[in-house]
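A short worksheet on the structure shown next.
This is how it looks when you write it as structure tokens:
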């Protein structure tokens, strides 16, 4: 019995030692990774092709599609679209980088806020020369994509055929299919009436949607200018909710109408509502992915969806109370 117990203790100790070794190894790897990250953050090289700003500048410095390197003094602010902002001198105003990073060298000073979209704010080991009342707004992610878009804006019109792009299209099909199935199950009569209205008076619906979108835009801007901030913000949120609800409702109606048309034209034997919805969703997602014309498709869907929501009719039946109830 003692031999068996000793063997058990030896086995438990060996397991504990193995686990301890794994934990120590993992901790060492984490420390090495942190040290490497800290070193790269402290010694960030920046863009070697950056445009150098020397001397004193009394205006805001812009970098369109390139990085800027400030070695002098900028009285207002600095912003780079698709590049880095490297501060080695002094900037009295705000510093922003969209599709890049803000790099503040030792001994430099930034008087305003720091805004970074896509990159990271680097300032080395020492505390940066900043105003204590200033803030830092940073969203780290998609730096290369934002940099590419800022340097080549027209690349948005012809998206590249990549696995990520195809995956996003498949997710869009799945998302709109689930939304369509849910709405058609909750309000089938309303969807059917909207489909019939779209097939009979599609031009009228589009004109009403266009006028409605113009009225909503002008109304929101006017409310923001005339009314107090709280009232203007509340009206803006309500207008945004109207647009979101109209987009959901209108797109489902368009998907249903398109799916039924494709079913009658190419698959007359198919009677499944799910397949009909899938046909409509896949058709419009594919059409909205075509290069150069996808903004027109999206705008058209939005206008027609708003028109369908504004022309929706809800039948409410009023019953007179009977003589017994009276």
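Residue numbers (this note's numbering): 12 to 337.
The C-beta atom is built at its ideal place from N, Cα and C for all residues, glycine as well.
Three or more beta-carbon pairs separated by less than 8 Å are not found between the stretch 163–175 and the stretch 223–233, which leaves the two stretches without contact. Each residue's CA atom was taken as its position, placing residue 96 and residue 156 some 18 Å apart. In this structure, DSSP gives residue 247 a helical state, which the three-state scheme calls helix.
Residues of the same chain with a CB within less than 7 Å of the CB of residue 217, apart from the 5 flanking positions on each side, are 314, 315, 318 in chain order. When DSSP states are grouped into helix, strand and coil, residue 223 belongs to the helix group. Per the DSSP secondary-structure output, residue 151 pairs in a beta bridge with 129. Comparing C-alpha distances from residue 82 to each of 92, 88, 65, 206 shows the shortest one belongs to 65. A contact between stretches requires three or more CB pairs, one per stretch, nearer than 8 Å, and the stretch 140–149 fails this requirement with the stretch 185–201. Here residue 80 is buried: its Cβ has 16 or more other Cβ atoms, across all protein chains shown, within 10 Å. The residue among 107, 121, 94 with its C-alpha nearest the C-alpha of residue 101 is 121. The DSSP-derived three-state label of residue 208 is helix. A straight line joining the alpha-carbon of residue 61 with that of residue 228 spans about 40 Å.
Here DSSP, grouped into helix, strand and coil, assigns residue 140 to strand. Between residue 288 and residue 266 the beta-carbon gap is near 6 Å, inside 8 Å, which marks them as a contact.
Cβ neighbours of residue 128 within its own chain (closer than 6 Å, five residues either side excluded): 109, 150. In the DSSP assignment, residue 111 falls within the beta strand (DSSP E) that extends over 106–115. Taking the Cβ atoms as the reference, residue 268 lies roughly 5 Å from residue 206, within the contact range of under 8 Å. Counting every other CB atom within 10 Å of its CB across the protein chains shown gives residue 283 a total below 16, marking it as exposed. Between the alpha carbons of residue 142 and residue 152 lies a gap of roughly 26 Å. Secondary structure of residue 201 (DSSP, three-state): helix. A straight-line Cα-Cα distance of about 26 Å links residue 112 and residue 173. Excluding its 5 nearest sequence neighbours in each direction, residue 86 has C-beta neighbours in its own chain below 8 Å: 67, 68, 69, 70, 103, 104, listed in chain order. In this structure, 297 is the residue among 297, 244, 210, 203 with its C-alpha nearest to the C-alpha of residue 176.
Taking each of 260, 221, 131 in turn and checking the Cα distance to residue 199, the smallest one comes out for 260.
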